[in-house]
Amino acid sequence: MSSERTPSSAALFAIATLIWGSTWLGIKYQLGVVAPEVSVAYRFALAAVIVAIGCLATGRSLSFSPSQHVFIALQGVLLFGLNYVAVYWAEQYATSGLVAVLFSTIVFMNPIGARIAFGTPLALPTFIAAVVGVAGVTLMFLPEIAAARHGSDAALGIVIGIVATAVRNQRAGIEVFSGIAWGMGYGAATAALAALAHGAGWNFDPSPAYVLSLIYLAIFGSIGAFGAYLTLLKQVGPGPAAYVGVATPVVALALSTLFEGYRWTWVAAAGVVLAVCGNWLALRAARAATTPRAPATAPIR
188 MSSERTPSSA
198 ALFAIATLIW
208 GSTWLGIKYQ
218 LGVVAPEVSV
228 AYRFALAAVI
238 VAIGCLATGR
248 SLSFSPSQHV
258 FIALQGVLLF
268 GLNYVAVYWA
278 EQYATSGLVA
288 VLFSTIVFMN
298 PIGARIAFGT
308 PLALPTFIAA
318 VVGVAGVTLM
328 FLPEIAAARH
338 GSDAALGIVI
348 GIVATAVRNQ
358 RAGIEVFSGI
368 AWGMGYGAAT
378 AALAALAHGA
388 GWNFDPSPAY
398 VLSLIYLAIF
408 GSIGAFGAYL
418 TLLKQVGPGP
428 AAYVGVATPV
438 VALALSTLFE
448 GYRWTWVAAA
458 GVVLAVCGNW
468 LALRAARAAT
478 TPRAPATAPI
488 R
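Plus 187 on top of the position in the sequence shown (first one is 1) and you've got this note's numbering.
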């Protein structure tokens, strides 16, 4: 296992951003016939089985202590269960643009969650970049925000817990994909319990649109994107990694232009510029924080 090469931070950032930027469209095909909670349960149950098979095939251990399972379960309940039930509900009652804006607030919540849970220092450049980035995303979806207000608060309140448990599990040495296998299983069970509590019926939509979007969301939107994001989180920390949340709506807007006939305005274009600037400022701050400082004095050679 030690011979495996981990992709660069830039590659991980691009993978998570490009995939999640496309999942907003995929989720739309999951809504209608099947209840949102049931679709979430199907998605993460399928993903959990695939990841578990992959772990066994590559020699990754799926065995954890009871105390480790507590925190893996907590991450699974928050990240893959309640969070995605809230997102699917939000897309029923609000436009995907509003949900994308709320998702972008992770740039604030990631550092705050790490601060609360682990005492990680809060850097001023990170928050400046966050303000710029989220302002850009808000401008991109300003008309949708003005028109939709329902079903979105729940996802926002869960983010701090998501980050705290994710960072804690990585510090405890839990391998990313082994943890994902169990975590997505716990998430699927959480969504199933939510469906039971909500009185949702357990049906299935055999249409090609539903089946293909379910497979895409499970393999790429869940396994691929979360594998990349959690690995990125481990490499660069919760602050810089959160800027995936700002870049993702930019990709979503580009895809909406191609497939949904989105019409650009100068306000949306200004929003894209601000979002890109926010990401650039964040990455610049991250590099400055990780670059070793030269000694004040050095011998002349």
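The beta-carbon is built from N, C-alpha and C at its ideal position, and this holds for glycine as well.
- prompt: Beta carbon of A368, beta carbon of C242: below 7 angstroms?
  reply: yes
Spatially closest choice to V363 from V398, R450, A235 and T435, by CA coordinates: A235
query: First and last residue of the alpha helix (DSSP H) that includes T444?
result: V431 to F446
task: Check A323 in the structure and name its three-state DSSP category.
output: The sequence as given places Gly at residue 323; Ala does not occur at that position. Here G323 sits in helix by DSSP.
- prompt: Does the distance from the CB of A439 to the CB of V227 come in under 7 angstroms?
  reply: no
- prompt: Between G320, S394 and A375, which lies nearest to Q262 when the distance is taken from Cα to Cα?
  reply: A375
- request: Could you spell out the range, first to last residue, of the alpha helix (DSSP H) harbouring R247?
  value: Where R247 is concerned, there is no enclosing alpha helix (DSSP H), given that its DSSP letter is neither H nor E.
- request: Work out the CA separation of T210 and I492 for me, nearest whole Å.
  value: Given a span of 188 to 488 for the chain in the structure shown, any question on residue 492 remains unanswerable.
- request: Could you pull out every residue in the same chain whose Cβ sits closer than 6 angstroms to the Cβ of A428, ignoring the five residues on either side in sequence?
  value: L419 and L420
task: Return yes when the Cβ of A396 is within less than 7 angstroms of the Cβ of Y162, no when it is not.
output: Because the chain is modelled from 188 through 488, residue 162 falls outside the range shown and cannot be assessed.
query: Which term fits N390, buried or exposed, when burial requires 16 or more other beta carbons within 10 angstroms of its beta carbon?
result: exposed
- prompt: If you check the beta carbons only, do A455 and V324 fall under 7 angstroms apart?
  reply: no
- prompt: From P194 to Y271, what distance separates their C-alpha atoms?
  reply: 27 angstroms
- request: For L151, count neighbouring Cβ atoms within 10 angstroms of its own Cβ and tell me buried if that reaches 16, exposed if not.
  value: Since the displayed the chain opens at 188 and closes at 488, residue 151 lies outside it and no answer follows.
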